[in-house]
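Residue numbers for the sequence shown, in the numbering used here: 10 to 139.
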Amino acid sequence: MGARMGRAIFIRDVASGDPRSPDRWMLHQAANDGFRGLFLVCFDGPSAANGPRGLVVLSNGDNDAMLFNMAMARAMLEALEPAGFDLGRVPDVAAGFDTAGMRQEEIVNLGFKGLVLDAFAEAPGFELGK
Numbered sequence: 010m011g012a013r014m015g016r017a018i019f020i021r022d023v024a025s026g027d028p029r030s031p032d033r034w035m036l037h038q039a040a041n042d043g044f045r046g047l048f049l050v051c052f053d054g055p056s057a058a059n060g061p062r063g064l065v066v067l068s069n070g071d072n073d074a075m076l077f078n079m080a081m082a083r084a085m086l087e088a089l090e091p092a093g094f095d096l097g098r099v100p101d102v103a104a105g106f107d108t109a110g111m112r113q114e115e116i117v118n119l120g121f122k123g124l125v126l127d128a129f130a131e132a133p134g135f136e137l138g139k
């Protein structure tokens with residue numbers, strides 16, 4: 010996921026426009042038989058100055074539901090206009106997501122990362138996967 014983790018919640022720092030104060034987002038994705046879900050909430054940093062803001066998406070289904078959830082998350086994030094968010098950094102959901110050879114939990118994790126999370130600019134000094 011390219012994020013720190015604590016108590017089953019992932020934390021990701023993203024660029025906020027202020028290099029001294031990144032936006033901090035909490036997130037988690039769900040993949041159980043018959044449903045897919047995610048939440049993504051900015052809880053600290055300039056984008057949360059007036060309180061937390063974010064989204065929750067839950068749908069019935071498996072791999073197609075993951076693609077639906079990513080499309081919904083992208084649309085909601087565009088409406089929220091968080092700092093450093095640019096869908097030009099990630100492929101379009103309509104182009105699909107190659108799931109060949111992946112386990113179910115990898116599909117949800119890598120779909121969330123590759124179709125949504127990678128649209129955020131990294132916070133200065135924060136390198137994904139390090």
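Even for Gly, the Cβ is constructed at its ideal location relative to N, Cα and C.
Practice problem: Kindly indicate the opening and closing residues of the alpha helix (DSSP H) around Phe121. | Solution: Translated into positions along the sequence shown, residue 121 becomes position 112. Note, Phe121: alpha helix (DSSP H), 113-124.
Practice problem: Could you tell me whether the segment 19-29 touches the segment 42-62, where touching means 3 or more Cβ pairs closer than 8 angstroms? | Solution: yes
Quiz item: Over what stretch of residues does the alpha helix (DSSP H) that includes Arg83 continue unbroken?
Solution: Locating residue 83 in the sequence shown gives position 74, counting from the first residue. 72-89 is the extent of the alpha helix (DSSP H) around Arg83.
Quiz item: Is the CB-CB distance between Met75 and Gly120 below 7 angstroms?
Solution: Counting from 1 along the sequence shown, the entry for residue 75 is found at position 66. Counting from 1 along the sequence shown, the entry for residue 120 is found at position 111. Contact flag set, yes.
Quiz item: Exposed or buried, what is Gly63 when buried is set at 16 or more other beta-carbons lying within 10 Å of its beta-carbon?
Solution: Position 54 of the sequence shown, counted from the start, is the residue given in the question as residue 63. Label assigned to Gly63: buried.
Quiz item: Quick one: what's Asn41 bridged to in DSSP?
Solution: Sequence index remark: in the sequence shown, residue 41 carries index 32 (1-based). DSSP output for Asn41 lists Phe44 as bridge partner(s).
Quiz item: Considering only residues of the same chain and omitting the five flanking positions on each side of Ala39, which have a CB-CB separation below 6 angstroms?
Solution: Here residue 39 refers to the residue found at position 30 when the sequence shown is read from its first residue. Same-chain partners within the cutoff: Gly46.
Quiz item: First and last residue of the beta strand (DSSP E) that includes Asn69?
Solution: The count along the sequence shown starts at 1 and reaches residue 69 at position 60. Element bounds for Asn69: 62-69.
Quiz item: Leu126 and Arg33 look like a contact to me (Cβ under 8 angstroms); what is the Cβ gap, rounded to whole Å?
Solution: Against the sequence shown, residue 126 aligns to sequence position 117. Against the sequence shown, residue 33 aligns to sequence position 24. Between Arg33 and Leu126 the Cβ distance is about 14 angstroms, and since that is not below 8 angstroms, they are no contact.
Practice problem: State the CB to CB distance for the pair Phe94 and Phe129, rounded to an integer number of angstroms; the pair is presumed to be in contact (CB under 8 angstroms). | Solution: Within the sequence shown, numbered from 1, the residue matching residue 94 stands at position 85. Within the sequence shown, numbered from 1, the residue matching residue 129 stands at position 120. Indeed, because the Cβ distance is near 6 angstroms, the residues count as touching under 8 angstroms.
Practice problem: Compare the beta carbon distance of Met81 and Val66 with 7 angstroms and say whether it is the shorter of the two. | Solution: Here residue 81 is taken as the residue at index 72 of the sequence shown, counted from 1. Here residue 66 is taken as the residue at index 57 of the sequence shown, counted from 1. Contact flag set, yes.
Quiz item: If you drop the 5 nearest sequence neighbours on each side, which residues of the same chain put their C-beta closer than 8 angstroms to that of Ile18?
Solution: The count along the sequence shown starts at 1 and reaches residue 18 at position 9. Met35, Leu36, His37, listed in sequence order.
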